[in-house]
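Undergrad: Residue numbers (numbering that gives the first Met the number 0), protein chains in the order written: chain A, 0 to 373; chain B, 0 to 126.
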Amino acid sequence: MPLQTPPLRGLHDERGAKFTEFGGWDMPVEFDSIRSEHAAVREAVGIFDVSHMGQIHVTGPDATELMQRLTTNDVTRLHVGDSQYATITDEDGVIIDDTVVYRLPNETDDGARADEDGEPTYLFVPNAGTDESTHERWITYRNEWDLEATVDNRTDEYAMFAVQGPDAADLVDDVTAESITKLDRFEAQYATVDGVDCWIARTGYTGEDGFELIVPWSEAEHVWSLFDCQPCGLGARDTLRIEAGLLLAGQDFDRESDPRTPYEAGIGFTVALETEFVGRDALAEIEREGVEEELVGFQLIDRGVPRHGYDITNTDSRVIGTVTSGTMSPSLEQPIGLGYVPVEYAEPGTTLQVVVRGQSKKARVETTPFIDTV
Amino acid sequence: MSFDVPDDRRYLESHEWALEDDGTVRVGITDFAQDELGDVVFVELPDEGDALTQEEEFGVVESIKAVSDLYAPVSGEVTAVNEDLFDAPELVNDDPFGDGWMLEIDADDASELDELLSADEYEDQIA
Chain A
0 MPLQTPPLRG
10 LHDERGAKFT
20 EFGGWDMPVE
30 FDSIRSEHAA
40 VREAVGIFDV
50 SHMGQIHVTG
60 PDATELMQRL
70 TTNDVTRLHV
80 GDSQYATITD
90 EDGVIIDDTV
100 VYRLPNETDD
110 GARADEDGEP
120 TYLFVPNAGT
130 DESTHERWIT
140 YRNEWDLEAT
150 VDNRTDEYAM
160 FAVQGPDAAD
170 LVDDVTAESI
180 TKLDRFEAQY
190 ATVDGVDCWI
200 ARTGYTGEDG
210 FELIVPWSEA
220 EHVWSLFDCQ
230 PCGLGARDTL
240 RIEAGLLLAG
250 QDFDRESDPR
260 TPYEAGIGFT
270 VALETEFVGR
280 DALAEIEREG
290 VEEELVGFQL
300 IDRGVPRHGY
310 DITNTDSRVI
320 GTVTSGTMSP
330 SLEQPIGLGY
340 VPVEYAEPGT
350 TLQVVVRGQS
360 KKARVETTPF
370 IDTV
Chain B
0 MSFDVPDDRR
10 YLESHEWALE
20 DDGTVRVGIT
30 DFAQDELGDV
40 VFVELPDEGD
50 ALTQEEEFGV
60 VESIKAVSDL
70 YAPVSGEVTA
80 VNEDLFDAPE
90 LVNDDPFGDG
100 WMLEIDADDA
110 SELDELLSAD
120 EYEDQIA
C-alpha cells in the first residue's frame, strides 16, 4: 500500500529532511540532526509537521454521549475551548489508542459555529494510521446505540503542526491575529494566521510549553512558512517524548502485541470510572485489585543504549520485562528508557538489568518524567 | 547531497574505510555512514590485542536512532583503539575520516585490501 504523504512532503524534501514510514505515512524523521532539533525545543522553539495524526470530528445532539461512551475520560468536564487527554479502550479495558479530545464551538446543522445554539462538537486526534479504524468504531457504536451524531474523518482535510519550546508562545502569538498567550495548558481556540482560520491548542508532546495548530490542508505550506524556527522530525519528537515519560502508541502500548490497560501504562488519570464507557467495568475491577505490572522509567548505569524489544531482567538475570522505548537522552546525556516490569520491581531506585545485544547492563528505576516538564 | 570519499583509502560495502600505512590499517566509517546514522552516541570497540578476521563484526556504532554493526576490512591484530570515542562519540560525525577513526589493525596480509572497493567504486555505491 502506498504511503500517505503530508501536505508538506515536497517542502521537507527540498529542506533536506530524511524520511521514515510511520503509521502508513511518509514523515520527516530528521532535518538537521536529532540532537540539534531536540536542543532547539528544550532551549528555544521548534516546529513539527504532525499531519499524520488523525482528525475525527463529531457533532450532533448525542455527540457528548457518544464521546463519553467511547473514551475513558469525562467529556462532560469540557467547556468550549477545553481539551483533555483520554484513552480509547476495548471491553477488557485494554488501550486501543490514546488521544486528545477538543471541545470545539457548537455547530449548527450546516457546520456554522454557533456558541449559544447549535450542537456540541468535538474533534479528537487518534494516532497515525488509526483514523480509519477509529472512525469505523465510532460509526459502529453510534449505530448500535442509536445515537444522533455525525462522525467525520477529516484526517485528509487538515494538516497539524506542533510548535514547541519555551519560546513557542511568543512565536505563535506573533503570527496570530488574536492573542493566544492567555490560553492555559490544554485550552484551545480558533485564531487567524495570516488570514487562515486555524484551531490552536496549547498542547503538545515534548514536555515543553507549546501549541498545536490544526490547519486546512490547502493552506499548510503557507502557514508553515510563517514560522521562522527549527524544523524538527519524528526522531527529536521521540527523544523529547521519552525524556518527558510520554507514551508512544504501538511501542509503549500495542493492543495486538502487548495489550496494556491505562493503569499499567501509568495513565490511570485518563480513566473516569464514574462515567459509563466501553471497558469501564473491566477497568473498575483492575483499579480495585491493582495491577501486576507497570510501566517504569529507567536509566542505564552501564554503557550502552536501551532499545525497543530488549529484555529487562532482575539481578538474577531472570527476564521480567521488555524495553518499550529507549534512547540516549540528549538533554541528560544518559541512556534512558521505559518498560513494563512486575510492580515489585517498579520502585524508583530498584536495580534492574537490560540485555543489550547479549550483554547485561545495569539499570536503575527512575521517577518519570526524567526532566522537568510544564 | 554529496559526501567526502577520500581516494587514499579503500572501502567496504558496509561503509567502513581502511587506510594502510606500512602494514598498519586504520579503520573508521565513512562520511555517508555517519550521515545516515545521525548523531553517534556510543561506540563499542574490541580491545587491543584482539584478533580480527576480514569481514567479521568487530564492534558496534550507535546513533540516537539506529544501531549498526562494524566489519573488519582486513584480518589481523588490533594494535590501537581510539579511546577518545568513548567520551566523545560525536567525533565520528564531526570528522569520520580523521579524529573519528576507530581502530588500527596490524594486518596479517595487507593485500586483502585489494579485495575492497576503490573510492570510485564506493562513490558509485552510495550515489
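Just so you know, even glycine gets a beta-carbon here, dropped at the ideal spot from N, CA and C.
If the criterion is Cβ atoms closer than 7 Å, does the pair Asp-25 of chain A and Ala-281 of chain A meet it?
TA: no
Undergrad: Can we say the stretch 212-229 of chain A touches the stretch 145-164 of chain A, given the rule of at least three CB pairs closer than 8 Å?
TA: Taking 8 Å as the limit for Cβ pairs, the verdict is that the stretch 145-164 of chain A does touch the stretch 212-229 of chain A.
Undergrad: Find the residues of chain B that neighbour Thr-326 of chain A, judging by a C-beta separation of less than 7 Å, and give them in chain order.
TA: Within chain B, the residues Ile-63 have their CB atoms less than 7 Å from the CB of Thr-326 of chain A, given in chain order.
Undergrad: For Asp-38 of chain B, which residues in chain A fall below 7 Å Cβ to Cβ?
TA: Ser-32, Ile-33, Arg-34
Undergrad: Check the Cβ-Cβ distances between Phe-2 of chain B and every residue of chain A, and say whether any is below 7 Å.
TA: Chain A, which has no Cβ nearer than 7 Å to the Cβ of Phe-2 of chain B, makes this no.
Undergrad: Residues of chain A with CB closer than 9 Å to the CB of Phe-41 of chain B, please, in chain order.
TA: Arg-302, Gly-303, Val-304, Met-327, Pro-334
Undergrad: So, for His-78 of chain A: in the same chain, excluding its five sequence neighbours on each side, which residues have a beta-carbon less than 8 Å away from its beta-carbon?
TA: Arg-102
Undergrad: Keeping to the same chain, check which residues put their C-beta closer than 7 Å to that of Gly-209 of chain A; ignore five residues upstream and five downstream.
TA: Ala-161, Val-162, Gln-163, Gly-164, Ala-167, Gly-203
Undergrad: With Arg-102 of chain A as the anchor, note down where its beta strand (DSSP E) starts and where it stops.
TA: 94-106
Undergrad: Since Val-66 of chain B meets chain A, which of its residues come closer than 9 Å, beta carbon to beta carbon?
TA: Near Val-66 of chain B (Cβ distances below 9 Å), the residues of chain A are Val-304, Arg-306, Arg-356.
Undergrad: Applying a beta-carbon distance threshold of less than 8 Å, which residues of chain B neighbour Gly-234 of chain A?
TA: Gly-37, Ile-63, Lys-64
Undergrad: Indicate, with yes or no, if the ligand FAD has a heavy atom lying under 6 Å from the CB of Ile-87 of chain A.
TA: Because no ligand of any kind appears in the structure shown, any question about the ligand FAD cannot be addressed here.
Undergrad: Just list the residues that DSSP pairs Met-26 of chain A with in beta bridges.
TA: A:Thr-19
Undergrad: Is the stretch 6-17 of chain B in contact with the stretch 334-346 of chain A, if contact means three or more CB pairs nearer than 8 Å?
TA: no
Undergrad: Taking buried to mean at least 16 other C-beta atoms within 10 Å of its own C-beta, is Leu-51 of chain B buried or exposed?
TA: Buried is the label assigned to Leu-51 of chain B, since at least 16 other Cβ atoms lie within 10 Å of its Cβ.
Undergrad: What are the partner residues of Asn-152 of chain A, as DSSP defines its beta bridges?
TA: A:Ile-55
Undergrad: How is Glu-211 of chain A classed by DSSP in three states: helix, strand or coil?
TA: In the structure shown, Glu-211 of chain A adopts extended strand secondary structure according to DSSP, grouped into three states.
Undergrad: What in chain A is Cβ-close to Val-59 of chain B, meaning under 8 Å?
TA: The answer, in chain order, is Arg-356.
Undergrad: Applying a beta-carbon distance threshold of less than 8 Å, which residues of chain B neighbour Thr-238 of chain A?
TA: Ile-63
Undergrad: Taking the C-alpha atoms as reference points, what is the distance between Glu-54 of chain B and Asp-108 of chain B?
TA: 14 Å
Undergrad: Please report how far the alpha carbon of Phe-268 of chain A lies from the alpha carbon of Gly-110 of chain A, in whole angstroms.
TA: 33 Å
Undergrad: For a contact defined as C-beta to C-beta under 8 Å, what are the partners of Glu-29 of chain A on chain B?
TA: Gly-37, Lys-64
Undergrad: So the candidates are A:Thr-321, A:Glu-255, A:Arg-240, A:Glu-273; which of them puts its Cα closest to the Cα of Ile-370 of chain A?
TA: A:Arg-240
Undergrad: Rounded to whole angstroms, how far is the Cβ of Gly-308 of chain A from the Cβ of Thr-326 of chain A, which I believe are closer than 8 Å?
TA: Gly-308 of chain A to Thr-326 of chain A, Cβ: 14 Å. No contact.
Undergrad: Would you list the residues sitting across from Glu-76 of chain B in a DSSP beta bridge?
TA: DSSP lists B:Ala-50, B:Asp-105 as partners of Glu-76 of chain B.
Undergrad: My output table needs one value for Phe-297 of chain A: the three-state DSSP class, helix, strand or coil.
TA: strand
Undergrad: For Ala-65 of chain B, collect the residues of the same chain with a Cβ closer than 6 Å to its Cβ; drop the 5 residues on either side in sequence, then sort them by chain order.
TA: Leu-36
Undergrad: Let me know if Gln-229 of chain A comes out buried or exposed under the rule of 16 or more other beta-carbons within 10 Å of its beta-carbon.
TA: buried
Undergrad: Please report the straight-line C-alpha distance between Asn-92 of chain B and Leu-115 of chain B, rounded to a whole angstrom.
TA: 23 Å
Undergrad: Going straight from the alpha carbon of Phe-31 of chain B to that of Gly-80 of chain A, what length do you get?
TA: Approximately 48 Å between the Cα atoms of the pair.
Undergrad: Cα separation between Arg-306 of chain A and Ala-235 of chain A?
TA: 16 Å
Undergrad: By Cβ distance, which residues of its chain are closer than 7 Å to His-14 of chain B, with the 5 residues on each side in sequence left out?
TA: Ile-28, Thr-29, Phe-31, Ala-32
Undergrad: Specify, as a first and last residue, the run of the beta strand (DSSP E) that Trp-198 of chain A falls within.
TA: 195-200 is the span of the beta strand (DSSP E), which, as asked, contains Trp-198 of chain A.
Undergrad: What whole-angstrom Cβ distance do Arg-141 of chain A and Leu-65 of chain A have, given they're in contact under 8 Å?
TA: 6 Å
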